[in-house]
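Participant: Got a structure here, written out as C-alpha cells. Questions coming.
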Amino acid sequence: VARGSRGLRRMLGVPSDLPPQTPEWSLDMILPEDRERVLAVMKHSIEEGSSYELETRVATQGGAQRIMFIAGEAVKNGAGRVVKLIGTCLDVTEQRRREEALCDAADQLQALSRRLVEVQESERRRLAADLHDRVGQNLTALGINLDILASRTKALDADATHRLRDSLALLDQTALCIEGVLDDLRPPMLDDLGLGPAMRWVVEEFSKRTEIPARLLVQGTERRTDRLNEIALLRIVQEALNNVAKHARASEVTITLSWQSDGVRVEVADDGAGIGRDGSPGRRGFGLITMRERIQAAGGLLDVQSVPGKGTRVRALVPG
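Following this line, the structure appears as C-alpha cells:
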C-alpha cells in the first residue's frame, strides 16, 4: 500500500481524503521515461535493505509536470526482512529550472565571449596588416631618403649632420618598435608552425627584452587544436609574462606547455613578489581579468596561485 502525507498529496494535486492506493498507482504518476530507473532504485533498496535517493519527473493530477527529489530508506522487521520503504519528497522543479536558466545564460555568455575574441583577433590581424603595409613601407621610404641625404653630408654643416644621424637612429628605433607591436598583434609562426614554436618565440623575446631568465618546458606530443584556443593560451602566457616584467621583480620564470589527454595546459611560474599581501591582484587586476575572459571564451579553466614574497603560478587549460 502506498501512503502519502498531506503535503505530498497537495504537491501532487491528490485529494486529501483519497484512501491509500497500490504502489502501481504511485508509479503511474511517474513519467514513463523514468519508471524503469525508479523501479531499479527501489528494488535495490529492498534487496539490500539500504537507503536510497533519486530524482524523477512526475505528472500531477492536474496535468502539470514536476521534478521531485526522493530520499528514504528500507525498514526491516525483527527478523531482518524489509517490510516497507519510507521516504520524503521534495519538489525541486523551480530550483532545476533556475539551474537550467543559469546554464543557458553561461552558454550564451561563453558564446558571446568567444565571438568577442574572434572580433578582437580579426582586428589585431587588420591592424598588423595596416602597420606592415602602410607604416612599414613609409618607414622604408623614409630610411632610403635619409640614407641618400647621409651620403651627401659634405654639403651639410655639423649641426645638420648630427641631426641627420639622430634621425637615422630614431628611424631604426621606430622600426624596431613597430616590429615589436606587429609581433604582439600577430605572433609569428602560430598559424604555420603551431603553438610550440610560437610559445618558444614568445619566451625567447621576453628574455631578450627584459633580461629576465626564462625557460620553456614542453611535455607530451604536440598536436594542433582549435585556433582560438591556441591563441587564448598564447595570449595568457604573454599577459602573465607582461605581469612578471612589470610587477613581479622576479629573478627567473618557467613556462610549461603540455599536451595531455584532457586538453592543452600552460603554466607560468615566477619567483617574484607575488600578487599582494592582502590576496588582491592590485595593479595586475586588469591583466587577470583579461586572462579569465579569454579562458572563459575558450571553455577552459584558469587557476592563479600566489604567495607574497615567493612568486606567482598561473595555470590554464583549454580543450583539445
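The numbering of the sequence shown is the working numbering, which starts it at 1384 and goes up by one. Glycine included, C-beta positions come from ideal geometry on N, C-alpha and C.
Does the beta-carbon of Leu1617 have 16 or more other beta-carbons within 10 angstroms, so that it is buried, or is it exposed?
Facilitator: Within the sequence shown, the letter at position 234 stands for residue 1617. By the neighbour-count rule (16 or more Cβ atoms within 10 Å), Leu1617 is buried.
Participant: Going by Cα to Cα distance, which pick from Val1564, Val1466, Arg1607 is closest to Ser1433?
Facilitator: Translated into positions along the sequence shown, residue 1433 becomes position 50. Taking only the C-alpha atoms, the option nearest Ser1433 is Val1466.
Participant: Quick check on the burial criterion: 16 or more other C-beta atoms within 10 angstroms. Buried or exposed for Gln1478?
Facilitator: Here residue 1478 refers to the residue found at position 95 when the sequence shown is read from its first residue. Answer is exposed; the Cβ neighbour count stays below 16.
Participant: For the candidate residues Val1690, Asp1686, Ala1541, whose alpha-carbon lies nearest to that of Leu1700?
Facilitator: Here residue 1700 corresponds to residue number 317 of the sequence shown, with the count starting at 1. The option with the nearest alpha carbon to Leu1700 is Asp1686.
Participant: May I ask you to report which of helix, strand or coil DSSP gives Val1397?
Facilitator: To locate residue 1397, count along the sequence shown from 1; it is residue 14. Here Val1397 sits in coil by DSSP.
Participant: Which residue's Cα is closest to the Cα of Gln1602: Val1697, Arg1449, Ser1550, Thr1639?
Facilitator: Along the sequence shown, read from residue 1 onward, the residue named residue 1602 stands at position 219. Here the closest residue by C-alpha is Thr1639.
Participant: Does the beta-carbon of Glu1613 have 16 or more other beta-carbons within 10 angstroms, so that it is buried, or is it exposed?
Facilitator: Position 230 of the sequence shown, counting from 1, holds the residue named residue 1613. By the 10 Å Cβ count, Glu1613 comes out buried.
Participant: For the beta strand (DSSP E) containing Glu1622, list its first residue and its last residue.
Facilitator: Indexing the sequence shown from 1 puts residue 1622 at position 239. From DSSP, Glu1622 is part of no beta strand (DSSP E) but of the alpha helix (DSSP H) over 1610-1626.
Participant: Under a three-way DSSP split, which group does Arg1481 fall into?
Facilitator: For the purposes of this step, residue 1481 is identified with residue 98 of the sequence shown, where counting begins at 1. Residue state, collapsed to three classes: helix.
Participant: Thinking just about the alpha-carbon of each residue, which of Glu1501, Val1518, Arg1389 is nearest to the one in Ala1681?
Facilitator: Along the sequence shown, one-based indexing puts residue 1681 at 298. Looking at Glu1501, Val1518, Arg1389, the one whose alpha-carbon comes closest to that of Ala1681 is Glu1501.
Participant: Residues bridged to Met1412 by DSSP?
Facilitator: Here residue 1412 corresponds to residue number 29 of the sequence shown, with the count starting at 1. For Met1412, which the question treats as bridged, DSSP gives no partner whatsoever.
Participant: Measuring CA to CA, which of Met1412, Ile1595, Thr1476 is closest to Arg1445?
Facilitator: By one-based count along the sequence shown, residue 1445 stands at place 62. The question names Arg, but residue 1445 in the sequence shown is Gly. Of Met1412, Ile1595, Thr1476, the residue nearest in Cα terms is Met1412.
Participant: Beta strand (DSSP E) containing Ser1388: first to last residue?
Facilitator: Looking up residue 1388 in the sequence shown gives position 5. Counting along the chain, Ser1388 falls outside any beta strand (DSSP E), and DSSP gives it neither H nor E.
Participant: Report yes or no: do three or more beta-carbon pairs, one from the stretch 1433-1442 and one from the stretch 1417-1424, lie closer than 8 Å?
Facilitator: yes
Participant: Where Leu1499 and Glu1676 are concerned, what is the direct C-alpha to C-alpha distance, given to the nearest angstrom?
Facilitator: On the sequence shown, residue 1499 is found 116 positions in, with the first residue counted as 1. On the sequence shown, residue 1676 is found 293 positions in, with the first residue counted as 1. In this model, Leu1499 and Glu1676 are separated by some 10 Å (Cα to Cα).
Participant: Please report the residue range of the beta strand (DSSP E) in which Met1451 lies.
Facilitator: On the sequence shown, position 68 is the one that residue 1451 refers to. Run containing Met1451: 1448-1459, per the beta strand (DSSP E) assignment.
Participant: Can you tell me the Cα-Cα spacing of Pro1664 and Gln1679, whole angstroms?
Facilitator: Your numbering for residue 1664 matches position 281 in the sequence shown. Your numbering for residue 1679 matches position 296 in the sequence shown. Its pLDDT being 45, under 50, Pro1664 is placed unreliably in this model, and the coordinates cannot settle the point.
Participant: Using the Cα positions of Ala1631 and Arg1598, report the straight-line distance between them to the nearest angstrom.
Facilitator: Position 248 of the sequence shown holds residue 1631. Position 215 of the sequence shown holds residue 1598. Computed Cα separation, rounded: 17 Å.
Participant: Out of curiosity, what's the CA-to-CA distance linking Thr1673 and Val1475?
Facilitator: The residue given as residue 1673 occupies position 290 in the sequence shown. The residue given as residue 1475 occupies position 92 in the sequence shown. Whole-angstrom Cα-Cα distance: 37 Å.
Participant: Give a yes or no on whether the minimum CB-CB distance between Gly1703 and chain C is below 9 Å.
Facilitator: Of the protein chains in this structure there is only one, and it is not chain C.
Participant: Give me the DSSP bridge partner(s) of Asp1686.
Facilitator: Locating residue 1686 in the sequence shown gives position 303, where the first residue counts as 1. Partner(s): Arg1698.
Participant: Would you kindly report the start and end of the unbroken beta strand (DSSP E) that includes Val1441?
Facilitator: Locating residue 1441 in the sequence shown gives position 58, where the first residue counts as 1. Run containing Val1441: 1434-1442, per the beta strand (DSSP E) assignment.
Participant: Applying the 10 Å Cβ sphere with the 16-neighbour rule, what's the burial state of Gln1643?
Facilitator: For the purposes of this step, residue 1643 is taken as residue 260 along the sequence shown, with counting starting at 1. By the 10 Å Cβ count, Gln1643 comes out exposed.
Participant: Relative to the alpha-carbon of Gly1390, which residue among Ala1454, Trp1584, Ala1457, Thr1471 has its alpha-carbon at the smallest distance?
Facilitator: Taking the sequence shown and counting its residues from 1, one reaches residue 1390 at position 7. Residue Thr1471 is the option with its Cα nearest to Gly1390.
Participant: Rounded to whole angstroms, what's the CA-CA distance from Ala1488 to Gly1461? Just pull it up for me.
Facilitator: To locate residue 1488, count along the sequence shown from 1; it is residue 105. To locate residue 1461, count along the sequence shown from 1; it is residue 78. If I take the Cα positions, the gap works out to 53 Å.
Participant: Let me check one thing: in DSSP terms, what residues is Leu1525 bridge-paired to?
Facilitator: Locating residue 1525 in the sequence shown gives position 142, counting from the first residue. Note: Leu1525 sits in no beta bridge, so no partner.
Participant: So, at 8 Å on beta carbons, what are the nonlocal neighbours of Arg1569 in its own chain, with the 5 sequence-adjacent residues on each side left out?
Facilitator: As a working mapping, residue 1569 is identified with position 186 in the sequence shown. Closer than 8 Å at the Cβ level, and outside the excluded window around Arg1569, lie Arg1507, Arg1508, Ala1511.
Participant: When the Cα atoms are used, what is the spatial distance from Gln1520 to Arg1548?
Facilitator: Position 137 of the sequence shown, counted from the first residue, corresponds to residue 1520. Position 165 of the sequence shown, counted from the first residue, corresponds to residue 1548. Each residue's alpha carbon lies about 21 Å from the other.
Participant: Would a C-beta distance cut-off of 9 Å place Val1651 and Val1697 closer than the cut-off?
Facilitator: Counted from its first residue, the sequence shown places residue 1651 at position 268. Counted from its first residue, the sequence shown places residue 1697 at position 314. In contact: Val1651 and Val1697 (Cβ atoms closer than 9 Å).
Participant: Leaving out five residues on either side along the sequence, give the residues of the same chain with a beta carbon under 6 Å from the beta carbon of Met1394.
Facilitator: The residue labelled residue 1394 in the question sits at position 11 within the sequence shown. Contacts found: Asp1474.
Participant: What does the alpha-carbon distance come out to for the pair Ser1590 and Pro1596?
Facilitator: Within the sequence shown, numbered from 1, the residue matching residue 1590 stands at position 207. Within the sequence shown, numbered from 1, the residue matching residue 1596 stands at position 213. Looking at the two C-alpha atoms, the distance is approximately 6 Å.
Participant: If I follow the unbroken beta strand (DSSP E) through Lys1648, where does it start and stop?
Facilitator: Stepping through the sequence shown from its first residue, residue 1648 is reached at position 265. In the sequence under discussion, the amino acid at residue 1648 is Arg, which differs from the Lys named in the question. Note, Arg1648: beta strand (DSSP E), 1646-1653.
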